[in-house]
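Below: the structure, in structure tokens.
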Amino acid sequence: MSIISPWKQDFPIFSTRAYPRLCYLDSAATCLTPKHVADAIYHYQCYAHANSHKGLYQLSANVTEIVEQAREKVAHFLGANSGQQIIFNSGTTEALNLVAYSFVEPLLIKAQQQETASNIVISAAEHHANLLPWQRLAQQYQAELRVVDLMPDGTLNIEHLRSLLDSETRVLAVTHCSNVIGQYEDVQQICQLASDKKIATVVDGAQAVARGAVDVNAIGCDFYVFSAHKLYGPTGCGVLYGKVEHFDNMRPYQLGGGIISSVSYQQSEFIAGPLKFEPGSHNVAAIVGLVEAIDYLNDLSWHDINHYLNDLAFYLQQSLQELKYFKPLVKLPLPEYKGVTLPTLTSFQIKGVHCHDVASILDSEDIAVRAGHHCAQPLHQFFAVNSTIRASLGLYNDYSDIDRLVAGLDQAHQLMLS
Amino acid sequence: MGNQVQQAYTNGHNQGQHSLYQQAMLAHHKSPVGFEQEINVSHSADGVNPACGDEIRIDAELCDDHISHLAFFGDSCAICRASASMLCQFLRNQPVAQALAISQQLQLSLDKNLAFTGQMAEHFAPLGAVAKFPVRKQCALLPWSTLDKVLKKTLNESEV
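Residue numbers (the UniProt record's numbering), protein chains in the order written: chain A, 1 to 418; chain L, 1 to 160.
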């Protein structure tokens, strides 16, 4: 059996002379861009561009409308109640920093003033963006950074999590889907555990959004973050969803134009709502691209996307597990995973061959994979390995890409070990 | 297609059957000189590639401003390992100042894509192929930048 992507033709990069044989297996780093998204950005930039929220003329008013409608579109995509819960920023990294410095830091300061201890809980699976801000805050305010262990299948150890949460926990920050392991966490259960103890939760959805799996109300998180470019949109655009009651109490993370109700040389008052956290000029072209990406995916049907990606993910796992030299970071018991959402990425090693050498040899066959620690060095240390190869799937991949990956791995194994 | 895109593509691709992993390079990778060799260490330094987490340690036994022995340790890719092997093979018995000059010349050549000449071409030709693969330069350079730390330590000591 062989399946061919029905959507590959939507991605112009595959029809250019530059990359005629491109086998792109790095969608966990960034997804390629469909023509619909590129066209929307081009059209906006050429025919509709102005500064939003500031100009007293029709063109600017139209752009303001574009941004505010985008908030509603993203809110609907995430299952949020209102566009007023959506803050636009540059991506997952900035969104996590925003929560750290606008929401959590004041809690740590307050606890320190009251001479109360604090801790921050994260999981061992976090990439650097959901580790470093918490690490710095913990160091700065003498808080304990607690790390939840993982189970052998790579998911978060719920019992360990339960034991780490207490009245001194200021925030729980976890990934919805690790960029190295690829399995979906039961974030609803995780957030419920924290919520029962009145602990705020931040969920990093960077890897989860491309499967349409998000419903922030059902998850029950306080904050949810993701990047547009992991959703077939442009880079430089991300989203922070938050419970609306938090925004009023949060101080702006960055300061500048467009976020104030009044300013004197000595004092400033800030406006309410998401604009308080969006100083300067919006990256409207990127926001337009994000909206187009959501429309594109909605039009394809999430049911069809998930069905297709599950087939592909199963074939990927099955093909790799047949290789005698394949050493997965986390081994999936495949039959048990039929009928559930399979990870669209896998991290592994080739016995006896360094990951960089494998990636270089694959590159010479026009196969793009990631090799290294994938900005998750502590997670690799957790599994006692320095680096892995990561193959991750997107809408444009099909069985032939996986066959080429396997052939490339055979070639690398043979070249380096024969 | 823009010229820059075409150039980026042709730079790194279709270079024949993995010219990066030519026989001489693979020979050093498979039988590395100085790898995990026990020597009487007088100076040592650690190097790390933050982009990928590769680590290397260079040990040196120095005597009367000469390098008596060199050894290396660590988990690294074939390019880094072969580069370290060549370093250990060709810098043994060199005066410290000469070794530092060779190291800096090699790093400059790789960094600026300058062809190796003279003794450099004779000893380090396999490393020259790395110039065609910009993303792998850092792998080849790691042992040499680590060696610099070792040698500079000795020079600093001699100035005291």
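Just so it is clear, CB atoms sit at the ideal spot from N, CA and C, and this is done for glycine as well.
When the distance is taken between beta carbons, is H246 of chain A closer than 9 Å to V214 of chain A? no
Minimum Cβ-Cβ distance from S76 of chain L to chain A less than 9 Å: yes
For the putative contact between V358 of chain A and A371 of chain A, defined by C-beta atoms under 8 Å, what is the C-beta separation to the nearest angstrom? 7 Å
Determine, using beta carbons only, whether D54 of chain L comes closer than 9 Å to chain A. yes
Near V377 of chain A, what residues of its chain come up, given a Cβ to Cβ distance below 8 Å and the 5 sequence neighbours on each side ignored? Correcting the residue type first, residue 377 of chain A is Gln in the shown sequence and not Val. Taken in chain order, the residues that qualify are H128.
Sequence-distant residues of the same chain with beta carbon closer than 6 Å to P133 of chain A, five excluded per side: L96, N97, A100
I think G154 of chain A touches Q183 of chain A, with their Cβ atoms under 8 Å apart; what is that distance to the nearest whole Å? Indeed, because the Cβ distance is near 6 Å, the residues count as touching under 8 Å.
Please state whether the Cβ-Cβ distance between Q188 of chain A and A218 of chain A is less than 9 Å. yes
Might you give, ordered along the chain, the residues of its own chain that have their beta carbon closer than 6 Å to the beta carbon of T30 of chain A, omitting 5 neighbours on each side? Close CB contacts of T30 of chain A within its chain, under the 6 Å cut and outside five residues either way in sequence, are with H229 (chain order).
Determine whether the Cβ of N386 of chain A lies closer than 9 Å to any Cβ atom of chain L. yes
Would you say G212 of chain A and L312 of chain A are within 9 Å of each other, going by their C-beta atoms? no
Local Cβ density within 10 Å of G16 of chain L, reported as buried at 16 or more and exposed below that: Any reading at G16 of chain L needs caution, since the residue's pLDDT is 47, under 50, leaving its predicted position unreliable; the model's value is listed next. Label assigned to G16 of chain L: exposed.
What's the call for T117 of chain L, buried or exposed, on a 16-neighbour Cβ count within 10 Å? exposed
Residues in its own chain within less than 7 Å of L332 of chain A by CB, not counting five upstream and five downstream? Q317
What does a CB cutoff of less than 6 Å around A206 of chain A pick up in its chain, not counting 5 residues either side in sequence? T92, F226, S227, K230
Between H28 of chain L and chain A, is any beta-carbon pair separated by less than 9 Å? no
Distance CB(L395 of chain A)-CB(Y232 of chain A) smaller than 9 Å: yes
Could you tell me whether any Cβ in chain A is nearer than 9 Å to the Cβ of V33 of chain L? Under the 9 Å criterion on CB atoms, V33 of chain L is classed as non-interfacial with respect to chain A.
How about the segment 314 to 329 of chain A and the segment 263 to 273 of chain A: do they share at least three Cβ pairs that are nearer than 8 Å? Short answer: they don't touch.
Let me know if T116 of chain A comes out buried or exposed under the rule of 16 or more other beta-carbons within 10 Å of its beta-carbon. exposed
Is it the case that the Cβ atoms of S109 of chain L and H29 of chain L are separated by a distance below 9 Å? no
Tell me whether Y44 of chain A sits in a helix, a strand or coil according to DSSP, three-state version. helix
Apart from the five residues just before and just after I39 of chain L, which ones in its own chain have a Cβ nearer than 7 Å to its Cβ? D59, E61, H69, A71
Taking Cβ-Cβ distances shorter than 9 Å, what residues in chain L pair up with G352 of chain A? Per Cβ cutoff of 9 Å: no residues; G352 of chain A is ~11 Å from chain L at best.
Under 7 Å by beta carbon: chain L residues contacting G372 of chain A: A51, C52, G53
Within-9 Å CB hit, residue 468 of chain A to chain L: Because chain A spans 1 through 418 in this model, residue 468 of chain A falls outside it and cannot be assessed.
Quick check: is the beta carbon of F72 of chain L nearer than 9 Å to any beta carbon in chain A? Output row for F72 of chain L: interface = no.
Mind checking E144 of chain A: buried by the 16 CB within 10 Å criterion, or exposed? exposed
Among A:P12, A:P34, A:S82, nearest to V244 of chain A - alpha-carbon criterion: By alpha-carbon distance to V244 of chain A, the top candidate from A:P12, A:P34, A:S82 is A:S82.
Checking contacts by CB at 9 Å: is I79 of chain L closer than that to chain A? yes
Following the continuous alpha helix (DSSP H) through L145 of chain A, name the residue where it begins and the one where it ends. First-last for L145 of chain A: 144 to 148, but that is the beta strand (DSSP E), not the alpha helix (DSSP H).
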